[in-house]
Structure formats: structure tokens, C-alpha cells
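Take a look at the structure below.
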């Protein structure tokens, strides 16, 4: 699994970084690095490169949504 994952990561890195830049333009590298750490700490059960790619894209999206929600909770309500 480690070899497959390393190969997939090497191929996906440019695509994942581009997606991270779309979601988090200011902190794309840090944002993606956090996803890589999550991958190392708790790798997906997926074995195929396609599923690993899907896992990364899902985690990127979920982390972005979580960050937006956290910012929303911390921001004062402008409408009231």
C-alpha cells in the first residue's frame, strides 16, 4: 500500500495543489500538507489509485467546508 500511495501522491501532487489553491488561495501549501499528514496518520482503506485520488479530493473539500463553518461561527452577524 505504501508504494502505491507514494506513486499516486507523486502523480497527484500538482493536481491536488491546484485544487488546494482554488479552495485556500492564501494557505494552499499548508492546507495540502495538513491533508498529507492526515493521510499518513490514518490512511484510507482504498487501494486503487482512483480511490486514493477520490479520498484526497474529499478530504480537501471537507476540510475547506469545516474551515468556512469555523470562520462563519467566529464572524459577527453583519445582518443583525
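Residue numbers (the numbering used here): 1 to 80. Idealized CB from N, CA, C, for every residue including glycine.
- Rounded to the nearest whole angstrom, the C-alpha separation of residue 60 and residue 35 is 7 angstroms.
- DSSP, reduced to helix, strand and coil, places residue 49 within a helical segment of the structure shown.
- Separation of the CB atoms of residue 64 and residue 23 is rounded to 4 angstroms, and the pair is thereby assigned contact status at 8 angstroms.
- Going by DSSP, residue 30 is part of the alpha helix (DSSP H) stretching over 28–41.
- Within the same chain, and ignoring the five residues on either side of residue 19 in sequence, the residues whose Cβ sits closer than 7 angstroms to its Cβ are 57 and 60.
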